[in-house]
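In our numbering, the protein residues as written are 15 to 247.
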């Protein structure tokens with residue numbers, strides 16, 4: 015028990031150092047943005063990377079001796095916690111920014127007329143025939159809905175990452191919940207791709223997202239077919 019706790023503390027410390035170094039390293043790419051806007055975008059990218067890493071650890075552990083299995087599962091869980099922390103921090107900063115007047119130049123069509131405040135992330139500045147707020151179905155609005163679904167799911171993963179939550183939910187329900195992580199990764203990829211194309215002055219390109227996503231997909235596919243081949247022997 016003491017050894018497991020020490021290992022997890024080391025994992026959390028390394029994760030914290032990684033987040034801090036990544037924010038410091040990426041800040042130079044965002045010098046043209048105000049600090050809060052820059053921090054919100056950087057945290058979003060870091061969360062994307064951490065979610066991808068959690069999807070890599072499982073397949074990579076299949077290529078390692080079985081004695082490393084428990085350690086890999088522990089690392090994956092703790093990286094998932096940090097993915098949740100950075101994702102929630104990203105969303106909190108976005109909500110704070112859009113509660114005021116964000117200084118982001120977001121490219122949008124003339125037909126896109128969002129409401130003021132953070133509600134403008136999801137609704138247009140006019141109502142439907144039934145008096146309900148009109149959903150913001152522009153490209154950037156769709157990206158916001160993808161982000162909303164993602165953060166709700168990531169938050170549920172974060173708050174069910176403990177052994178107590180696993181026992182309370184039951185093994186099968188907990189496993190089904192956490193096996194949907196690849197679906198969240200796809201939503202985050204789409205969310206990021208749209209915003210890269212929509213924020214003026216964004217220093218990253220589509221390839222920055224796609225190359226990492228492709229690497230995650232390749233490793234998972236290779237591991238899947240390797241497992242299938244071994245089971246047929």
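No residue lacks a Cβ here, since even glycine has one placed at the ideal position from N, Cα and C.
Quick caveat, the model's predicted, so the values are computed rather than measured.
For residue i, does the three-state DSSP call read helix, strand or coil?
| i | result |
| --- | --- |
| residue 47 | coil |
| residue 73 | helix |
| residue 128 | strand |
| residue 184 | coil |
| residue 100 | helix |
| residue 191 | helix |
Between which residues of its own chain and residue i is the CB-CB distance below 6 Å, once the five residues before and five after are set aside?
| i | result |
| --- | --- |
| residue 67 | 93 |
Quick check on this structure: which residue in the options has the alpha carbon closest to the alpha carbon of residue i?
| i | options | result |
| --- | --- | --- |
| residue 62 | 149, 198, 22 | 198 |
| residue 50 | 178, 27, 109, 31 | 109 |
| residue 177 | 112, 30, 96, 87 | 87 |
| residue 161 | 244, 237, 102 | 102 |
| residue 27 | 96, 76, 132 | 96 |
| residue 91 | 208, 23, 224, 126 | 23 |
| residue 74 | 182, 245, 52, 229 | 229 |
| residue 111 | 163, 54, 77 | 54 |
| residue 69 | 242, 246, 237, 243 | 237 |
Counting only the same chain and skipping the five closest in sequence on each side, list residues whose C-beta sits under 8 Å from that of residue i.
| i | result |
| --- | --- |
| residue 85 | 21 |
| residue 222 | 210 |
| residue 219 | 210 |
Counting along the chain, where does the beta strand (DSSP E) carrying residue i start and finish?
| i | result |
| --- | --- |
| residue 147 | 147-149 |
In terms of DSSP beta bridges, what is residue i paired with?
| i | result |
| --- | --- |
| residue 137 | 149 |
So residue i is in the alpha helix (DSSP H); what residue range does that whole segment cover?
| i | result |
| --- | --- |
| residue 222 | 220-246 |
| residue 202 | 195-212 |
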